[in-house]
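So the structure is just underneath, and the comments pick up after that.
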């Protein structure tokens with residue numbers, strides 16, 4: 021997935037917008053605990069650790085709980101221990117007291133006691149392109165999608181960040197789901213063309229093993245077998261409101277950073293701020309959304 025990270029701004033957009041909200045929410049805190057529901061390689065936290073290390077008045081103590089589903093295409097390579105070691109070395113260089121806890125489990129298996137929350141910590145919870153994998157009430161009576169939100173709300177976090185694809189494929193019948201999937205991924209593939217030729221070896225590998233797998237799952241699977249279940253931001257808003265959350269404005273500094281980031285890619289990328297959320301699109305077609313809650 022690293023080639024996608026470099027070729028298009030979707031991951032960086034999610035990381036920077038979420039990190040901006042987290043930095044703002046914990047700016048006066050001495051003990052910060054981040055729960056990341058898809059830690060992957062831990063790359064999201066590099067810029068935040070550096071920013072916290074440069075914070076006026078000194079850095080806080082930082083603890084990251086990194087959840088990683090070993091079955092995910094975004095899963096880390098080399099183990100969660102290596103992720104913690106890399107982040108720990110960076111934190112040491114930045115003068116940030118640091119602790120890492122890795123949890124190799126699926127989000128459907130998460131319970132409060134597995135998160136290690138301690139009294140006196142400022143808590144930030146991060147959902148990066150992961151909640152759409154959680155089955156909802158249309159799939160199972162457990163409804164892990166809403167269960168996770170209610171569980172997190174019980175922790176009284178300072179901020180919860182959500183980054184998701186802007187698509188409506190969860191409960192849509194086959195034909196509209198097919199059309200929605202094609203429109204979304206055609207825009208993604210077209211945006212990749214700006215940086216990578218179609219015969220680029222690494223691009224072909226990522227398309228075959230990650231993006232194509234998502235498309236096949238969206239179109240060819242039903243019921244519990246379909247793990248790719250995107251929802252538009254309006255539906256996510258309803259779920260967060262029902263769980264008891266209120267919107268938390270995204271950082272204006274992060275917004276400016278993202279605008280500068282997009283300029284280094286292509287003028288065809290679009291950024292829109294609407295009702296406290298950010299929409300990243302290609303040729304005015306929203307593809308990724310980012311928002312924060314508390």
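Numbering (my numbering), first residue to last: 21 to 314.
We put the beta carbon where it would ideally sit given N, CA and C, even for glycine.
As the structure is a prediction and not an experimental result, all values here were calculated from the model.
Bridge-paired residues (DSSP) for residue i
{"i": "residue 289", "result": "302"}
{"i": "residue 313", "result": "180 and 267"}
{"i": "residue 121", "result": "85"}
{"i": "residue 42", "result": "Answer is none; residue 42 lacks a bridge partner."}
{"i": "residue 51", "result": "81"}
{"i": "residue 239", "result": "Paired residues: none, contrary to the question."}
Simplified DSSP state of residue i, which is helix, strand or coil
{"i": "residue 211", "result": "helix"}
{"i": "residue 127", "result": "helix"}
{"i": "residue 29", "result": "coil"}
{"i": "residue 153", "result": "helix"}
{"i": "residue 187", "result": "coil"}
{"i": "residue 56", "result": "strand"}
{"i": "residue 63", "result": "coil"}
{"i": "residue 282", "result": "helix"}
{"i": "residue 176", "result": "coil"}
{"i": "residue 143", "result": "strand"}
{"i": "residue 148", "result": "strand"}
{"i": "residue 274", "result": "helix"}
{"i": "residue 294", "result": "strand"}
{"i": "residue 110", "result": "helix"}
{"i": "residue 323", "result": "Here the chain covers residues 21 to 314 and nothing more, so residue 323 does not appear."}
{"i": "residue 307", "result": "strand"}
{"i": "residue 115", "result": "coil"}
{"i": "residue 158", "result": "coil"}
{"i": "residue 99", "result": "coil"}
{"i": "residue 217", "result": "coil"}
{"i": "residue 192", "result": "coil"}
{"i": "residue 104", "result": "helix"}
{"i": "residue 169", "result": "helix"}
{"i": "residue 163", "result": "coil"}
{"i": "residue 70", "result": "helix"}
{"i": "residue 206", "result": "helix"}
{"i": "residue 135", "result": "coil"}
{"i": "residue 75", "result": "coil"}
{"i": "residue 246", "result": "coil"}
Candidates the options: closest to residue i by CA position
{"i": "residue 166", "options": "263, 42, 314 and 289", "result": "263"}
{"i": "residue 302", "options": "122, 211 and 238", "result": "211"}
{"i": "residue 306", "options": "39, 294 and 113", "result": "294"}
{"i": "residue 55", "options": "274, 178, 267 and 269", "result": "178"}
{"i": "residue 70", "options": "250, 223, 161 and 118", "result": "118"}
{"i": "residue 241", "options": "198, 253 and 221", "result": "198"}
{"i": "residue 42", "options": "297, 291, 271 and 275", "result": "271"}
{"i": "residue 249", "options": "261, 236 and 74", "result": "236"}
{"i": "residue 87", "options": "128, 72, 107 and 123", "result": "123"}
{"i": "residue 191", "options": "244, 48 and 313", "result": "244"}
{"i": "residue 129", "options": "153, 107, 120 and 106", "result": "153"}
{"i": "residue 106", "options": "60, 44, 310 and 267", "result": "60"}
{"i": "residue 44", "options": "274, 308 and 292", "result": "274"}
{"i": "residue 22", "options": "281, 313, 222 and 276", "result": "222"}
{"i": "residue 380", "options": "25, 266, 58 and 277", "result": "Residue coverage of the chain in this structure runs from 21 to 314, which leaves residue 380 outside it and unanswerable."}
{"i": "residue 181", "options": "155, 256 and 134", "result": "256"}
{"i": "residue 200", "options": "252, 90, 131 and 164", "result": "252"}
{"i": "residue 238", "options": "195, 259 and 283", "result": "195"}
{"i": "residue 75", "options": "219, 116, 100 and 85", "result": "116"}
{"i": "residue 77", "options": "291, 36 and 48", "result": "48"}
{"i": "residue 40", "options": "298, 304 and 283", "result": "298"}
{"i": "residue 121", "options": "281, 131, 132 and 103", "result": "103"}
{"i": "residue 164", "options": "25, 216 and 259", "result": "259"}
{"i": "residue 159", "options": "247, 168 and 134", "result": "247"}
Quiz item: With a cut-off of 8 Å, do at least 3 Cβ pairs link the stretch 191–209 to the stretch 65–82?
Solution: no
Self-check item: Three CB pairs or more closer than 8 Å across the stretch 139–150 and the stretch 225–236
Solution: no
Quiz item: If you pair each beta-carbon of the stretch 76–87 with each one of the stretch 158–172, do three or more pairs fall below 8 Å?
Solution: Taking 8 Å as the limit for Cβ pairs, the verdict is that the stretch 158–172 does not touch the stretch 76–87.
Exercise. Could you tell me whether the stretch 147–160 touches the stretch 182–194, where touching means 3 or more Cβ pairs closer than 8 Å?
Key: The answer is yes - the stretch 182–194 touches the stretch 147–160, with three or more Cβ pairs under 8 Å.
Quiz item: Are the stretch 231–240 and the stretch 280–288 touching by the rule of at least three beta carbon pairs closer than 8 Å?
Solution: no
Quiz item: With contact counted as at least three CB pairs below 8 Å, one residue from each stretch, are the stretch 24–36 and the stretch 103–117 in contact?
Solution: no
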